[in-house]
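Colleague: Residue numbers (our numbering): 26 to 279.
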Ligand SMILES: NC(=O)c1ccc[n+]([C@@H]2O[C@H](COP(=O)([O-])OP(=O)(O)OC[C@H]3O[C@@H](n4cnc5c(N)ncnc54)[C@H](O)[C@@H]3O)[C@@H](O)[C@H]2O)c1
């Protein structure tokens, strides 16, 4: 169906899209007519997302596995996307990991992993798509921060909070650097969203207690975040850059 998002025919990479919000973002971008590269560290999960999403026939999906903290894997992601589709127009830095560990118990290795997947991965993938976006004079980068980035994480530890706060700083800085090339860079800050990341970390009673504390007394659904990401990826958001958009049922109002 024709739409006024301006996404039709565009090429998008969504990292960590083998499940959860990444899968729903991929589904939404495909529905709007984009060609979507589904990246995940698990090829099996990336392929499962592709099998779960139907395209109109005019656009295509493509699975590329890779660890976004690894420069060689990121190079491979960009190379294969360029070979398949030519250019890269939209990057959704969705991949992330969370651990609920308290600071006293966080081992150095866990700190490095959590900060690296969330923050370094966002930097490596963003840097890798810039030349393609600069040469076409249009680009959209959407980074996954969190309510954790503005307050503290409800579920994750200090490494997660620190990395998500870092993403907000990276977003603003990069947005300023690349605005002149027609590239916008924004963050989304979801609250508690019903995905494996949350459901495998806290129990039913804890979920109910969190839900009761939100003005909109429920968890968010992945498709609701996907709608916001699609808006930021579209021509409708052409004057928004360096911003962070909250989507948390009113959990945090600043
Ligand atoms: N669920 C929430 O409540 C919530 C809230 C705020 C922000 N977020 C953020 O939203 C994003 C998506 O979260 P989700 O809830 O869908 O999580 P999820 O755990 O369901 O999915 C994350 C995906 O990222 C992939 N991944 C992990 N490490 C990777 C790596 N190094 N390279 C490539 N892929 C990798 C995983 O395999 C997984 O498929 C994350 O950045 C998360 O921190 C989640």
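A virtual CB, placed ideally from N, CA and C, is assigned to each residue, including glycine.
(1) Could you give the DSSP three-state label for residue 247: helix, strand or coil?
(2) Span of the beta strand (DSSP E) holding residue 209?
(3) Got a sec: does ligand 1 put a non-hydrogen atom nearer than 7 Å to the Cβ of residue 120?
(4) Would you mind stating whether residue 151 and residue 116 have Cβ atoms separated by less than 8 Å?
(5) In whole angstroms, what is the alpha-carbon distance linking residue 164 and residue 226?
(6) With distance defined between alpha-carbon atoms, name the residue in 279, 158 and 73 nearest to residue 37.
(7) Does ligand 1 have even one heavy atom less than 7 Å from the beta-carbon of residue 275?
(8) Quick check: does the Cβ of residue 239 come within less than 7 Å of any heavy atom belonging to ligand 1?
(9) State yes or no: is the C-beta of residue 117 nearer than 7 Å to some heavy atom of ligand 1?
(10) For ligand 1, is there a heavy atom less than 7 Å away from the beta-carbon of residue 86?
Modeller: From the atom records:
(1) Residue state, collapsed to three classes: helix.
(2) 208–215
(3) yes
(4) Contact check for residue 151 against residue 116 passes: the beta carbons are separated by less than 8 Å.
(5) 35 Å
(6) The shortest Cα separation from residue 37 among 279, 158 and 73 belongs to 158.
(7) no
(8) Outside the cutoff, so no.
(9) no
(10) no
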